[in-house]
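Quick notes on the structure that follows.
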Amino acid sequence: MSGVLPLSFREDEPFIGAGNGDSLAIEMEQETSTSTSSGGSSRKKNSRLKCFGVDLSPDNVAVAMVYFVQGVLGLARLAVSFYLKDDLHLDPAETAVVTGFSALPWLVKPLYGFISDSIPLFGYRRRSYLVLSGLLGALSWSLMATFVDSKYGAACCILLGSFSVAFSDVVVDSMVVERARGESQSVSGSLQSLCWGSSAFGGIVSSYFSGSLVDAYGVRFVFGVTALLPLITSAVAVLVKEQRVIGQARGPNVPLGNSSFLKSSKENIIQLWNAVRQPNVFLPTVFIFLWQATPQSDSAMFFFTTNKLGFTPEFLGRVKLVTSVASLAGVGLYNGFLKNVPLRKIFLATTVTGTVLGMTQVFLVTGLSRQFGISDEWFAIGDSLILTVLSQASFMPVLVLAAKLCPEGMEATLFATLMSISNGGNVLGGLIGAGLTQIFGVTKDKFDNLAALIILCNLSSLLPLPLLHLLPRDDSDTASKVYTELEESGEENCKYHGTVTTTSPKLSSIEMTNDL
C-alpha cells in the first residue's frame, strides 16, 4: 500500500485495551493459588510481569529486545537515504534498486533455520548466532561510517546489515511460533503485538534524532552511532535459556559437507514442499504474495519532498517520530479491536481505505493542499500518520495467519518460508515501482508525472482483492487442517523444527525510503 511518507510495516506503543481484557500497557497480574496441607491451607500469590498480555519471561524479553533493536536501527534510515541521494548522487530508480538489493537476505530465511538447527556454533543453536548477528551488524555500520564511498560498497554493507537482522529474526521468532501454535487467534495476536510493539518503541526512541543528528553532525557520524546498536542483540543472547549441545545429545552437530547433513537437509526440503503445496497453505500464500507485490512510489516521494519541497532531515525526523507512534497505534488498533475480526474483512477494509487515502498524495504533489490552507509540512505529517496506522493494522493479520498455517513438527521452518515469500512480494513491488518510476520519467529534479505514478501505484493495491476468497474464512483450525492433509499424504512424521523469522515490516529496519 502506498503512502505519502512510506511506512514501515515494522515499528509501534500501547494505549488501546485488548479485546479479552488484556492490557496494552505493562501490568502486574496477580494470580492466587491455594495449597492444602495437614494443618489447613495457605494461599500463595504470584506476580507475573506482563506486556500486551504476554508473560515477560527471559526468552520473551530477549525476543522483545531483538525487535527493539530492529526499530532503533531506524536511527540510520534517514542518513542512508540522504547519503544515497546527496553523497552518491543516485536518482529515485537507482535508490529503489539498491533498497531492493539490500532486502535479499530476507528472502532465504529458511536457510538460516537449517543452519542454526543443524550446526550448533560453539555448542549453542541460538545464543551463538545471536551474538554473531550482532557483531556482523556492528561491522556493517562501522564500514559505512569509515570506508564506504561508492554505491556498490554501500549496497554490500547494507546487505550485510540486513543479513544480520534477518538471521537474528530467525533465531528469536522460533520462540514466538512455538508459543503461537495451538493457541487462539487472540493469543497469537498478543504475541505478535509484543514483537511489533517493541519494534515500534525502538522506532520512537530513535526517530527524532535520526534527522537532527544528520543535520548537526552528518551521515558518517550517524552511521558510527548506529554501529553500537546491534551489540544489544549480542548482549541479550545470555537471556535465552538453552542447554549446551554436547556431541549428538540434541541433534546433529556436523559440518556442511557431511553426508548426514545433506541427507537431513534434503528430507527437510521435501517435507517443507509437501506442506507448502497443501491448498490450506498454498492459496493464502499466493494472496499474501500478490498483496505485497503491488508497486510502490516511496523513492520518488522521498526525492520530491526533499528536492522539491525542501523538507530538511530534522523535519523528516519529526515525521518519523509521528509515524513510529502511529505504527504503534496500528498495533494497538489490531490488538484491541481487530484480532478477533475475520481476516478477509480486515484486508478488504484496510486496503480500500488505504488506497483512497493514499490518493491524497496527489494533493501534496500538485499543491492543492496549500489551496485549502494546509501547509506541505502539516499535510505530510497528517497523511503519513493515518496511512501508517492503517498499514500496520493490515499487516498484523499477515503475521498471525502465517503462524496459524504452520502445523506441529515444522512450524518454524514453514513460518520462515511463508514470510520469505511475503518479503519476496514486497521486494518485487519495490522493483516494479522502480521500473515505473523510470518509465514515467521521474528523476531527482523532474516530477511532472509523479502524480500519475502515485495514482497508478495506489490503484494497483486493489488488484489482489478479487482473490480474497483464497484466505480462510476462520483460521482457528487452519493448522490442524494442514496437519491432517500432511498425514493423508504420508508426511505426518515431520520431525524438523527449524527457526523462523518474521516479516516484511522488519524490512523497514534496512529500507532506506521508509522515512518519508
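Counted from 1, the sequence shown has number 431 at position 433 by my numbering; the numbering is strictly sequential.
For each residue, glycine too, the CB sits at the ideal point set by N, CA and C.
#### Entry: Option nearest Val387 by Cα separation, candidates Val284, Leu336, Thr304 and Leu448
Counted from its first residue, the sequence shown places residue 387 at position 389. Closest option to Val387, Cα to Cα, is Leu336.
### Whole-angstrom distance between Asp374 and Ser367, CA atom to CA atom
Sequence index remark: in the sequence shown, residue 367 carries index 369 (1-based). Sequence index remark: in the sequence shown, residue 374 carries index 376 (1-based). For Ser367 and Asp374, the distance between alpha carbons rounds to 7 Å.
### Validate contact between the segment 100 to 111 and the segment 85 to 92 using beta carbons, cut 8 Å, 3 pairs
They do not touch, by the three-pair rule.
#### Entry: Exposure of Pro56, with buried meaning 16 or more beta-carbon neighbours within 10 Å
The sequence position of residue 56 within the sequence shown is 58, counting from 1. Exposed, by the Cβ-count rule.
### Query
In chain order, which alpha helix (DSSP H) runs of at least 4 residues are fully inside the segment 62 to 150?
75 to 80, 90 to 100, 107 to 116 and 125 to 144
### Task
Whole angstroms is fine: what's the gap from Arg123's alpha carbon to Asn58's?
As a working mapping, residue 123 is identified with position 125 in the sequence shown. As a working mapping, residue 58 is identified with position 60 in the sequence shown. The alpha-carbon atoms of Arg123 and Asn58 are separated by roughly 17 Å.
### Query
Assuming Gly328 contacts Ser389 under a Cβ cut-off of 8 Å, what Cβ separation, rounded to an integer in Å, is found between them?
As a first step, residue 328 is located in the sequence shown; it is residue number 330 there, counting from the start. As a first step, residue 389 is located in the sequence shown; it is residue number 391 there, counting from the start. Confirmed, about 7 Å.
### Message
Taking the alpha carbon of Pro462 as the reference point, which residue from Ser204, Val174, Thr283 and Gly431 has its own alpha carbon closest?
### Response
Locating residue 462 in the sequence shown gives position 464, counting from the first residue. With distances taken between Cα atoms, Pro462 lies closest to Thr283.
### Task
Take Arg515 and list the residues in its own chain whose beta-carbon comes closer than 7 Å to its own, dropping the five residues that flank it on each side.
The displayed coordinates of the chain run from -1 to 514. Any statement about residue 515 would go beyond what the structure contains.
### Query
Going along the chain, which residues of its own chain have a beta-carbon closer than 8 Å to the beta-carbon of Glu240, five neighbours each way excluded?
Start at 1 with the first residue of the sequence shown, and residue 240 comes out as number 242. So the qualifying residues of the chain are Tyr122, Arg123, Arg124 and Arg125.
### Message
Can you tell me whether Lys48 is helix, strand or coil according to DSSP?
### Response
Here residue 48 refers to the residue found at position 50 of the sequence shown. Note: Lys48 maps to strand in three-state DSSP.
### Task
Along the alpha helix (DSSP H) that carries Met394, what are the first and last residues, could you check?
Position 396 of the sequence shown, counting from 1, holds the residue named residue 394. Looking at the DSSP string, the run of the alpha helix (DSSP H) that includes Met394 is Asp374 to Lys402.
### Minimum C-alpha distance to Leu403 - residue among Lys444, Leu270, Gly201 and Lys149
As a working mapping, residue 403 is identified with position 405 in the sequence shown. Considering only alpha carbons, the answer is Leu270.
### As assigned by DSSP and simplified to three states, the class of Lys444
Taking the sequence shown and counting its residues from 1, one reaches residue 444 at position 446. Coil, per DSSP.
### Query
In whole angstroms, what separates the C-alpha of Arg218 from that of Tyr150?
Along the sequence shown, read from residue 1 onward, the residue named residue 218 stands at position 220. Along the sequence shown, read from residue 1 onward, the residue named residue 150 stands at position 152. Going from the Cα of Arg218 to the Cα of Tyr150 covers about 17 Å.
### Query
Looking at the structure shown, is Ser295 part of a helix, part of a strand, or coil, going by DSSP?
For the purposes of this step, residue 295 is identified with residue 297 of the sequence shown, where counting begins at 1. Ser295 falls in the coil class under three-state DSSP.
### Message
Quick check: the Cα distance between Asn272 and Phe161, rounded to an integer number of angstroms?
### Response
Locating residue 272 in the sequence shown gives position 274, counting from the first residue. Locating residue 161 in the sequence shown gives position 163, counting from the first residue. Take the alpha-carbon of Asn272 and the one of Phe161: they are about 28 Å apart.
### Query
What separation, rounded to the nearest whole angstrom, lies between the Cα atoms of Ser79 and Val212?
Residue mapping note: residue 79 aligns to position 81 of the sequence shown, counting from 1. Residue mapping note: residue 212 aligns to position 214 of the sequence shown, counting from 1. Using only the alpha carbons, I get a separation of about 11 Å.
### Task
Report the three-state DSSP secondary structure of Thr303 (helix, strand or coil).
Mapped onto the sequence shown, residue 303 falls at position 305. Three-state result, Thr303: helix.
### Closest residue to Met602 among Ile113, Gly371 and Gly222 (Cα-Cα distance)
Since the displayed the chain opens at -1 and closes at 514, residue 602 lies outside it and no answer follows.
### Message
Quick check: the Cα distance between Asp171 and Ala214, rounded to an integer number of angstroms?
### Response
The residue labelled residue 171 in the question sits at position 173 within the sequence shown. The residue labelled residue 214 in the question sits at position 216 within the sequence shown. Between Asp171 and Ala214, the C-alpha separation is close to 37 Å.
### Query
Three-state secondary structure (DSSP) at Asp459?
In the sequence shown, the residue the question calls residue 459 occupies position 461. The residue you asked about is not Asp; residue 459 is Ser in the sequence shown. Coil at Ser459, not helix or strand.
### Task
Could you name the residues of the same chain whose beta carbon sits closer than 8 Å to that of Ile384, not counting the 5 residues immediately before and after it, in chain order?
Along the sequence shown, one-based indexing puts residue 384 at 386. Correct list, in chain order: Ala324 and Leu355.
### Segment contact flag, the segment 281 to 296 with the segment 416 to 433, C-beta cutoff 8 Å, min 3 pairs
yes
### Task
Return the chain-ordered list of same chain residues with a C-beta closer than 6 Å to the C-beta of Ser138, the five sequence neighbours on each side being excluded.
The residue labelled residue 138 in the question sits at position 140 within the sequence shown. Only Cys155, Leu158 and Gly159 meet the Cβ criterion.
### Glu265 in three-state terms, based on DSSP
Position 267 of the sequence shown holds residue 265. Glu265 falls in the helix class under three-state DSSP.
### Message
I believe Lys318 touches Gly72 by the beta-carbon criterion, under 8 Å. Please report the beta-carbon distance rounded to the nearest angstrom.
### Response
Taking the first residue of the sequence shown as 1, we reach residue 318 at position 320. Taking the first residue of the sequence shown as 1, we reach residue 72 at position 74. Right, the Cβ-Cβ distance comes to about 7 Å (below 8 Å), so this counts as a contact.
#### Entry: Sequence-distant residues of the same chain with beta carbon closer than 7 Å to Leu451, five excluded per side
Translated into the one-based positions of the sequence shown, residue 451 becomes position 453. Contacts found: Ser295, Ala298, Leu434, Thr435, Phe438 and Val440.
### Query
Whose C-alpha, out of Lys264, Thr411, Val129 and Ser205, is nearest the C-alpha of Glu312?
As a working note, residue 312 is residue 314 in the sequence shown. Of the candidates Lys264, Thr411, Val129 and Ser205, the one whose C-alpha sits nearest the C-alpha of Glu312 is Ser205.
### Task
Go through its chain and collect everything with a Cβ distance to Gly38's Cβ below 7 Å, but skip five positions before and after it.
Your numbering for residue 38 matches position 40 in the sequence shown. Because the pLDDT of Gly38 is 42, which lies under 50, any placement of that residue in the model is unreliable, and the question is left without a value.
### Message
Cutting at 8 Å between CB atoms, please list the residues of its own chain near Leu119, excluding the five before and the five after it.
### Response
Position 121 of the sequence shown, counted from the first residue, corresponds to residue 119. These residues qualify, in order along the chain: Ser126, Tyr127 and Leu130.
#### Entry: Cβ-based burial, Ser148 [other Cβ within 10 Å; buried from 16]
The sequence position of residue 148 within the sequence shown is 150, counting from 1. By the neighbour-count rule (16 or more Cβ atoms within 10 Å), Ser148 is not buried but exposed.
### Message
In whole angstroms, give me the CA-to-CA distance for Pro470 and Thr415.
### Response
Sequence index remark: in the sequence shown, residue 470 carries index 472 (1-based). Sequence index remark: in the sequence shown, residue 415 carries index 417 (1-based). Spanning the two alpha carbons is a distance of roughly 19 Å.
### Message
Assuming contact is defined by CB atoms lying nearer than 8 Å, are Gly135 and Val174 in contact in what I supplied?
### Response
Taking the first residue of the sequence shown as position 1, residue 135 is located at position 137. Taking the first residue of the sequence shown as position 1, residue 174 is located at position 176. No. Outside cutoff.
### Query
Counting along the chain, where does the alpha helix (DSSP H) carrying Leu352 start and finish?
As a working note, residue 352 is residue 354 in the sequence shown. According to the sequence provided, residue 352 is Gly. The question's Leu does not apply to it. Bounds of the alpha helix (DSSP H) holding Gly352 are Leu341 to Gly356.
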